[in-house]
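J.:
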Ligand code: AN0
Ligand code: CP
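Numbering (my numbering), first residue to last: 1395 to 1706.
As structure tokens, this is what we get:
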């Protein structure tokens, strides 16, 4: 594997999960693998978990992480081909990616979608420009349409916490006040489609995700019907895909409550807004796996970096 930019880069999810568990049991086993290698982390957007867990993963492999906030701390980057750069952007991605490649052995990038221009977002122009113009491997730390480190983490967490051979997993839309990306939902869908689970999606009408991603996964517009006999409920808000980037309603009825959850475990990628997405009684109970998910971000990132280091 050269780059890790999508859940589709996972060739065998079960073997990846087993390897992640081995890393978790002995995180410093490969401390020599990344010696004298540098990981560059570039953030076009905010982050808590990704920023810290990916650096921790690099440190566990003996790598040196260096971090840059692209918005604010550096020159505005131009992505357009042939642009006359007489506006606000000061350097082109062609130079920027090539220069960063002089300092880093792997580059990790976070770049959220605009949520206004569907075609541009779906072209993944930021992530793909780094892949094109950098001379070193690229890792997505959440791009316009995917969050593959999160999806891998979630697969690991479900495998670790499952008491059944084939658990039922529900991805449920939940209310939010801001228009949020589809990336986390998309990567979770793709990860669950690769696993041996009974997987369904619940969302209000108008909020169906991209059908090219959901494929034949059942979609319920009735949340309680979807939650029947669930073992894992994964909550996430996303804005409308059809009415691209719009908030159609903030239907509070879709908030995850302890009553709705019944015997299921609760999952969320974080950050989560309490008592809007999910009530306190869930997050403060033993049913919540959110902190263990955040912990597993380190081992998912470490597995990805290890595979890239071994291959390059
Ligand atoms: C972001 C999102 O929904 O993509 C990041 C989640 C990891 N969440 C927010 O902006 C709240
Ligand atoms: N789950 C996740 O990616 O969190 P951050 O946005 O804080 O990195």
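We treat Cβ as the ideally placed atom computed from N, Cα and C, and that holds for glycine.
Tell me, to the nearest whole angstrom, how far the beta carbon of residue 1518 is from that of residue 1539; I am working on the premise that it is less than 8 Å.
T.: Indexing the chain shown from 1 puts residue 1518 at position 124. Indexing the chain shown from 1 puts residue 1539 at position 145. Contact holds; Cβ gap of about 6 Å.
J.: Can you tell me whether DSSP reads residue 1662 as helix, strand or coil?
T.: Within the chain shown, numbered from 1, the residue matching residue 1662 stands at position 268. In this structure, residue 1662 counts as coil in the three-state DSSP scheme.
J.: For the beta strand (DSSP E) containing residue 1562, name the first residue and the last one.
T.: Along the chain shown, one-based indexing puts residue 1562 at 168. 1562-1567 is the extent of the beta strand (DSSP E) around residue 1562.
J.: Taking the alpha-carbon of residue 1614 as reference, which of 1656, 1588, 1565 has the nearest alpha-carbon?
T.: Here residue 1614 is taken as the residue at index 220 of the chain shown, counted from 1. Closest option to residue 1614, Cα to Cα, is 1565.
J.: For the ligand AN0, is there a heavy atom less than 7 Å away from the beta-carbon of residue 1569?
T.: As a first step, residue 1569 must be located in the chain shown, where it is residue number 175. No, the ligand AN0 has no heavy atom inside 7 Å of this Cβ.
J.: Can you name, in chain order, every residue of its own chain whose Cβ lies under 6 Å from the Cβ of residue 1701, other than the five neighbours on each side?
T.: Taking the chain shown and counting its residues from 1, one reaches residue 1701 at position 307. Excluding residues within five positions, the ones whose Cβ falls inside 6 Å are 1395.
J.: Straight-line CA distance for residue 1364 to residue 1632?
T.: For residue 1364 there is no data in the structure shown, the boundaries of the chain being 1395 and 1706.
J.: Please report the residue range of the alpha helix (DSSP H) in which residue 1497 lies.
T.: Position 103 of the chain shown, counting from 1, holds the residue named residue 1497. Residues 1487-1497.
J.: So is the beta-carbon of residue 1663 under 7 Å away from any non-hydrogen atom of the ligand CP?
T.: Residue mapping note: residue 1663 aligns to position 269 of the chain shown, counting from 1. Yes, since a heavy atom of the ligand CP falls inside the 7 Å radius drawn around the Cβ of residue 1663.
J.: Just to check, is the beta-carbon of residue 1574 closer than 7 Å to a non-hydrogen atom of the ligand AN0?
T.: Here the question's residue 1574 lines up with position 180 in the chain shown. Residue 1574: yes, Cβ under 7 Å from the ligand AN0.
J.: Measuring CB to CB, does residue 1544 end up less than 8 Å from residue 1578?
T.: Counting from one through the chain shown, the residue named residue 1544 turns up at place 150. Counting from one through the chain shown, the residue named residue 1578 turns up at place 184. Yes.
J.: What three-state label does DSSP hand residue 1710 in the structure shown?
T.: Residue numbering for the chain in the displayed model covers 1395 to 1706; residue 1710 lies beyond these limits and cannot be assessed.
J.: I'd like to check one pair, residue 1435 with residue 1461: are the Cβ atoms closer than 8 Å?
T.: Here residue 1461 refers to the residue found at position 67 of the chain shown. Here residue 1435 refers to the residue found at position 41 of the chain shown. Going by C-beta atoms, residue 1461 is nearer than 8 Å to residue 1435.
J.: On a CA-only basis, which of 1486, 1406, 1576, 1444 is nearest residue 1526? Give me that one, please.
T.: If you number the chain shown from 1, residue 1526 lands on position 132. Here the closest residue by C-alpha is 1486.
J.: Put residue 1401 into one of helix, strand or coil per three-state DSSP.
T.: By 1-based counting over the chain shown, the position of residue 1401 is 7. Looking at residue 1401 - three-state DSSP - the assignment turns out to be helix.
J.: Using CA atoms only, rank isn't needed, just tell me which of 1589, 1508, 1459 is closest to residue 1412.
T.: Locating residue 1412 in the chain shown gives position 18, counting from the first residue. Nearest C-alpha to residue 1412: 1589.
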